[in-house]
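The opening residue of the sequence shown carries number -1 in my numbering; numbering runs sequentially from there. Just so it is clear, CB atoms sit at the ideal spot from N, CA and C, and this is done for glycine as well.
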Amino acid sequence: MGLEPWPARTGKVAYFGRLFPDKQVIHLINLTNAVSLEWRDNEGVQPPPVVVKDAKVSFTFTQQVKKIWIASPDVAGGISRSLNYTQVGDKVSFTLPELQYWNMLVVEF
């Protein structure tokens, strides 16, 4: 899975987020199979993205992580799920179970 910071590029998973005092919210947008970056597909030509499963992900956080959870309207009706993770120093690693179109990750400090 190729992660790239916003602005988005076709063929990649774009990420962007917002930092709060007690958490980091990270949005993942799957553009792996996109033919354009247009949000509206009036002609119905945009193919569905390749579903990403069990992707290994690492981010750097200087804070001690207390919890990571994920939610997506594409999986389990949008119900949030906790993720197992490891933190060694400032590197936090976890497995992203699935990404179809959009996921929201929340890393709590």
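Check                                                                                                                                                     : Outcome
Among L29, K54, Y99, W4, which one has its Cα closest to the Cα of Y83?                                                                                   : K54
If distances are taken between C-alpha atoms only, which option among L97, L17, I27 comes closest to K51?                                                 : L97
Counting only the same chain and skipping the five closest in sequence on each side, list residues whose C-beta sits under 6 Å from that of E106.         : K21, K64, K65
Roughly how far, in whole angstroms, is the beta-carbon of S70 from the beta-carbon of W100, given that I think they are within contact range, below 8 Å? : 6 Å
Apart from the five residues on each side of it in sequence, which residues of its chain come closer than 8 Å, Cβ to Cβ, to V33?                          : T8, V43, Q44, P45
On a CA-only basis, which of S56, F14, S80 is nearest I24? Give me that one, please.                                                                      : F14
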